[in-house]
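Chains as they are written, first to last, in full-length UniProt numbering: chain A, 1 to 311; chain B, 1 to 272; chain C, 1 to 455. Taking it in order: structure first as structure tokens, then the write-up.
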Amino acid sequence: MARPTSAADAAGLGTGRAIAFVLPALTLIAVFLVFPALWTIYLGLTDYRLTGTAAADPRLVGTANYTGALTDPRFLSSLWLTVLYVGGSAVIGQAGLGFTLAWTLRTRTGPLRRAVEGVVLLSWILPSTVVGFLWFALLDRDDGTLNALLHTPGLAWLLDHPLLSIIVFNVWRGTAFSMMLYSAALENVPPSHLETARLAGANVPQQLRDVVLPAIRRHILTNLLLISLWTFNDFTPFVLTGGGPEGRSEILPVYVYRVALKDGQLGAGAAISFLILLINLVLALAYLRLLRGRRQRRRHQEIAAAGGPPA
Amino acid sequence: MIRHTLGRLATTVVIAAVLALFALPMLWLASAPFDDTPAITTSIPDFTLRNFAAILDNPYALGSIRNSLIQGGGAAALVVVLAALAAYALSRVRVPGRDALLYLLLLLSSVVTGTAAMVPIFELATRLGLIDTHLGVILVVSGGLLPAAIFILKDFMDDTPTSYEESARVFGATPLQILRHIVIPLVRPGLATIAVWALASVWGGFLFQFILLRDPEKAPGSVILYTLYTEGGAPKLDLISTFSLLYSLPVVAMYLFVSKRYGFRFHGGIKT
Amino acid sequence: MRLPSRPALIGVIAALALTSCGTGGGPDESSTTLTIAANSIEGGKNAESAQWIKQWVIPEFEKTHPNVKVLFQPSGVDDEQYKTKIALDLKSRTGADVIDLDGIWVGEFAQAGYIKPLTEVGGATVEQWEGWSQIPQAVQGLGIFDGKKYGLPQGTDGRVLFYNKTLFTKAGLPATWQPRSWQDIIDAGTRLKAAGVPTPIQLNAGTAMGEATTMQGLLPLLAGAGAEIYTAGKWTGASPAMKDALALYQRVYGGSGLGDPKLQQEAKGRDKSFARFAEGKIGILAESDYFWRSVIEPKAGVAPMKDRDQAVGYAKIPAKQPGSGIRGQDYVSMSGGAVRVLNPFSKNPRLAWDLLAFMHSAAATKAQLAGQVRISARTDVNDEVLTADPMLKYIADDVLPLTAYRPGLAVYPQVSTALQEATAAVVSGRSADEAATAYQAKLEGIVGGAANVSG
């Protein structure tokens, strides 16, 4: 069954009322989001600093901040780290574990399900500063809980495996969102279709591929898009590693923080933020293309199936 | 049948392992606040309640949690109401360029929530007279959260059936009545989830809250948590651990309330 | 039932905005209001200073100025964040009338036009202030930029080597110790190592320790090798002195086992080094007198040592060899300190100066020190107060005459980061020469080319 179309205007809203519904949000967004964002993009074209002579008299420097960033090996390594971080913690970790949890918990009720959901959600809602302390206690080299459990005294997780540490940390931190989104999406998969597939002898991977994934594809892509964007702009690992050791966990938001706040180079920081936006745009376009490409291919198949054997 | 039972047993083991993995880091929050000499690591506490007495002596600690509730609650309410209205309209009426606009706003929100937008945000708030007000914090953080909230809600409103709305319309209901009595109940768990998400996002936020507020009587918990250090930047762990616990409780309480009352998920459960 | 329409909603938001402005606490029309901003807060960071302002400065000043209401705006956060907030305030020409700043920020704030010389804001009476004669010239330097006085110094500190006498005795070293060269430090470290001390020497390094690496580590070493980081308009690059300083890092961290390289890389490494010293696991540690006052202080310290006065010794930081330090000195140190400035956009600048001068009077300074001993800017007060603590008297009498200060320029924080990165490179195994070369390249990028770099 096709999902309900939204173009029908079922509630008889009409364009006028629709605009009235959207306008409060858009006004707030325009004033407190679009305006400062454009201003920030403008600052990226100047040598503006928080203090010093460049604060009193900022000059337009054109694309110098952009060329400066793109030729800075720290930026490039930071970009690569961010790609690994997003890929590892969001796309594979959060989405993978989130789906696994949603799928395995789907048919369960009772205390185990409630406990898992509760603890996964708790990881998501605890304040980030508090979370930093929690993970120190877990990963500490001398008296960390993890070393005590694994009998690996003195293993400095945050120093020897900084990227892996923040990836695992972010999986812990953010899986809740994917789990909730997929749980909701799985409710929309008609049980009868699954039943049919099972009776036809399909095993679980086949059921997932043939029945579940096509039904929830749109949600998968929405989820991947959102968590990728969020992870790309996630500053929280800073509380764990401070970007170190030697920049080995300095993902882009931490890099921006260092340039803009620690070094006071607000112009350069703004330029890098805009670069991040452009990278995110590429990411978003890639997901959209994936979504659209699949949809078209699917329609193709449907047409082919309906039209009998291909010529 | 045996295979099925074994499989179920195996998944139970896996789920239990995940449960342990997620619960492990939280041990510190359960032990350190009650420890006579809390350290950066988890240990069996030398039990005391002295740390709680010490944090209650701090003149700003409890007030800051109230401020967090005002700012987080205000932002959550504003985000849910405005995002629900916008998402509903965008879901039901075709506006040209709607999707492109949403993506663009989503991308811009990442610029504004970063460090680099600090000066523009501050100057804007100064000119609007929003410095040192709860409202200033609420409006600024809501601006950053709204695009994602609209995006998620629209996605789920797209999935709710329109047949109820059509029948209600046949019986002469106005669009706002339809929204209030039909659509909102359908997406209520989603709205509640967005509210907790917004609250949790605001709850841990530091930078904007810090630069926008002046009077520590208005500072939220995230800012006060940062003051519990020495002049040389060493953490006072007795105060920090205890305050961390107190400061996390309201979010947890709100989650428990929401999940009991509305169910903590994105969807209302009416199958299409 | 209708939801509020769009204009109504905007109206509600606007009304909320207006009322919240109204409740922002406008000053009473009939009296004048002055505000003090400081990076201290009751119950948190620098609580004593906050208490002093609220319970002593404000009531005492209001007693003699009946029509003036003084308010306090506490912060108590990370220095960088406090600096950001003050800079934003001054940039938009608002903010408190009397403002606490770290002395190192004076230059960049002056360059930005955020602060003005005291005489320009407070008037001619500034020069006649009685306090100037009580503040040593070097300490006054904390508030001076380009030869002009921008702020009144609050106090200063000095850096020394702290050592654990118990461990020294165990290693057969004298309980009263004063190294005369870097070699003496290394030798002591080697003896401690042989006696089984886990970390003989803690010399701050790396970026995780931040400014503590620069102030407690590289700059005192550089001074001991005869160079300052900024002299005669040029920044020190990969000079022989810089290479000497980095070479000492290499001797401590490059496989000798004298220092713990991982401790320098950990995000909480400095806190841990404090705890380890207090537990008797570190033999020698370079720190400011802050370490004595607030870290290992027996009662309220963050890593208290109950037997501090018996078990902990302190020694001046030696030059590389006797006489090889800056100005031909045998011993060196580094100092910093906070200042208070006037807001040039104050509505009552003269009155603000009165308040500022009052906060730096002998009576006020003594009240501020009540119950704790630290080095104030005023000689008259120090003479009276410091007798209570031999350690701080030692700093004031023996260390401050040798000390040096950092240059207060806007690019300094970036130069400091580059220095930290150079030490981090050595700690992670690169040679001193490699680290110095990479630092030189980085420095040239920061300060605008090789023309501004010496070496």
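Just so you know, even glycine gets a beta-carbon here, dropped at the ideal spot from N, CA and C. Model, not experiment: these values are computed from the prediction.
Burial state of residue i (16 or more Cβ within 10 Å)
| i | result |
| --- | --- |
| Asp260/C | buried |
| His181/B | exposed |
| Lys116/C | buried |
| His151/A | exposed |
| Val140/B | buried |
| Gln250/C | buried |
| Val22/A | buried |
| Ile92/A | exposed |
| Val95/B | exposed |
| Lys243/C | buried |
| Ala53/B | exposed |
| His4/B | exposed |
| Glu108/C | buried |
Rounded straight-line distance, which links the Cα of residue j to that of residue i
| i | j | result |
| --- | --- | --- |
| Val427/C | Ser43/B | 31 Å |
| Arg113/A | Val14/B | 12 Å |
| Phe232/A | Leu400/C | 48 Å |
| Val252/C | Gln202/C | 9 Å |
| Gly201/A | Thr100/A | 22 Å |
| Ile86/C | Pro74/C | 12 Å |
| Glu246/A | Pro162/A | 10 Å |
| Gly144/A | Leu237/B | 16 Å |
| Glu29/C | Ile131/B | Here Glu29/C scores only 44 on pLDDT, less than 50, and its place in the model is too uncertain to base an answer on. |
| Leu224/A | Ala195/B | 21 Å |
| Ala87/B | Met157/B | 7 Å |
| Gly62/A | Thr46/A | 7 Å |
| Val106/C | Ile144/C | 7 Å |
| Gly44/A | Asn65/A | 7 Å |
| Pro214/A | Gly449/C | 59 Å |
| Ala89/B | Leu13/A | 8 Å |
| Gly254/C | Met180/A | 50 Å |
| Asp252/B | Thr133/B | A quick correction: the sequence has Val, not Asp, at residue 252/B. Cα-Cα distance, rounded: 26 Å. |
| residue 505/C | Ile55/B | The question about residue 505/C has no answer here: the residues shown for chain C are numbered 1 through 455. |
| Glu62/C | Glu42/C | 21 Å |
Beta-carbon gap between residue i and residue j smaller than 8 Å
| i | j | result |
| --- | --- | --- |
| Asn204/C | Gly224/C | no |
| Val239/A | Val212/A | no |
| Pro153/C | Ala377/C | yes |
| Met334/C | Ala432/C | no |
| Ala234/B | Val302/C | yes |
| Ala69/A | Ile251/A | no |
| Thr242/B | Pro33/B | yes |
| Val228/A | Ala102/A | Reading off the sequence shown, one finds Ser at residue 228/A, where the question assumed Val. Not a contact, by the Cβ cut-off of 8 Å. |
| Ile317/C | Pro200/C | no |
| Gln264/C | Gly206/C | yes |
7 Å Cβ cut-off: residues of chain A touching residue i
| i | result |
| --- | --- |
| Gly113/C | Ala56 |
| Ala23/B | Val119 |
| Ala451/C | Within 7 Å Cβ-Cβ: nothing; Ala451/C doesn't reach chain A, min ~17 Å. |
Within chain C, partners of residue i - CB distance below 7 Å
| i | result |
| --- | --- |
| Gly244/A | Thr207, Ala208, Gln265 and Ala267 |
| Ala156/A | Lys262 |
Closer than 8 Å at the beta carbon, the chain A residues around residue i
| i | result |
| --- | --- |
| Ala192/B | Simply none; closest approach about 11 Å. |
| Ser428/C | Pro245 and Glu246 |
Interface residues of chain A facing residue i [CB-CB closer than 9 Å]
| i | result |
| --- | --- |
| Thr417/C | Arg258, Lys262 and Asp263 |
| Leu186/B | By Cβ distance, chain A contributes nothing, its closest Cβ being about 12 Å from Leu186/B, past 9 Å. |
Listed by chain order, chain B residues near residue i by CB distance under 7 Å
| i | result |
| --- | --- |
| Ser294/C | Thr230, Glu231 and Gly232 |
Proximal residues of chain B, C-beta to C-beta of residue i below 9 Å
| i | result |
| --- | --- |
| Tyr290/C | Thr230, Glu231 and Gly232 |
Closer than 8 Å at the beta carbon, the chain B residues around residue i
| i | result |
| --- | --- |
| Phe274/A | Val111 |
| Trp124/A | Ala200 |
Count Cβ pairs between the segment 279 to 294 of chain C and the segment 116 to 128 of chain C that sit closer than 8 Å; are there 3 or more? No, the segment 279 to 294 of chain C does not touch the segment 116 to 128 of chain C.
Three or more C-beta pairs under 8 Å: does that hold for the segment 140 to 154 of chain B against the segment 71 to 83 of chain B? Contact between the segment 140 to 154 of chain B and the segment 71 to 83 of chain B is established, with three or more Cβ pairs separated by less than 8 Å.
Okay, do the segment 334 to 351 of chain C and the segment 291 to 302 of chain C touch, 3+ Cβ pairs below 8 Å being the bar? No, the segment 334 to 351 of chain C does not touch the segment 291 to 302 of chain C.
Given 8 Å, three or more beta-carbon pairs between the segment 92 to 100 of chain B and the segment 27 to 43 of chain A: The way I'd put it, the segment 92 to 100 of chain B doesn't touch the segment 27 to 43 of chain A; fewer than three beta-carbon pairs between them come closer than 8 Å.
Is the segment 151 to 167 of chain B touching the segment 201 to 215 of chain B in the sense that three or more CB pairs, one from each, lie closer than 8 Å? Segments in contact, no.
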